[in-house]
Amino acid sequence: MTIDELHAFLERAFAGSTQIYEVTAVSAEGVNLRYRVTAQNERPGGTVSGPTMMSMADTAAWLAVVAQIGPVALAVTTSLHIDFLRKPAMEDLVAVGTLLKLGKQLAVVDVALASISTPETLVAKAQVTYSIPPRRD
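Right under this line is the structure:
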């Protein structure tokens, strides 16, 4: 799927989500995603909340999978492990979701998250597994 197709699919699946998420690149290896951070994403201590970063990791993984299998909304998370590495600044986040495995039933995606001003310094790292529903012919 192209960037425009992913945006349209994301908006159909989760109305309003394209105001928060922006796919900035897509390839056979995965996707790059930007999250527009607002004051609603702040946690005490002046940093982006963990649930915000988990949501971004899950969304990046989901989009990396559907970019390859097509618009299958019922691909669902079966596992998400995240390590929070550094305190992110209160600014937009970027994620690189890289497909590690794309099988018939399961997909595994590595997601690296960073603040937009320092994309080379990870703030979190996640591994997400998705269950892919059987194809209906």
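If you count by the numbering used here, then the sequence shown holds residues 413 to 549, one letter each, in order. Don't be surprised by glycine CBs; every beta carbon is placed ideally from N, CA and C.
| Taking the continuous beta strand (DSSP E) assigned at V521, which residues delimit it? | L518 to S527
| query | Can you name, in chain order, every residue of its own chain whose Cβ lies under 8 Å from the Cβ of E454, other than the five neighbours on each side? | reply | V460, S461 and M502
| Helix, strand or coil at A501 [DSSP, three-state] | coil
| message | So the candidates are R424, F496 and L475; which of them puts its Cα closest to the Cα of V435? | response | L475
| Measuring CA to CA, which of M468, P545, K513 and S527 is closest to I494? | M468
| task | Output the boundary residues of the alpha helix (DSSP H) element that contains V478. | result | G462 to I481
| For the alpha helix (DSSP H) that contains E441, what are its first and last residues? | Segment: none, E441 is in no alpha helix (DSSP H) and carries neither H nor E.
| query | How many angstroms separate the CA atom of Y542 from the CA atom of T489? | reply | 4 Å
| message | Can you give me the C-alpha to C-alpha distance between V477 and L511, rounded to a whole angstrom? | response | 7 Å
| Spatial distance of M465 from A526 (CA atoms) | 10 Å
| Start and end residues, beta strand (DSSP E) containing L492 | V488 to F496
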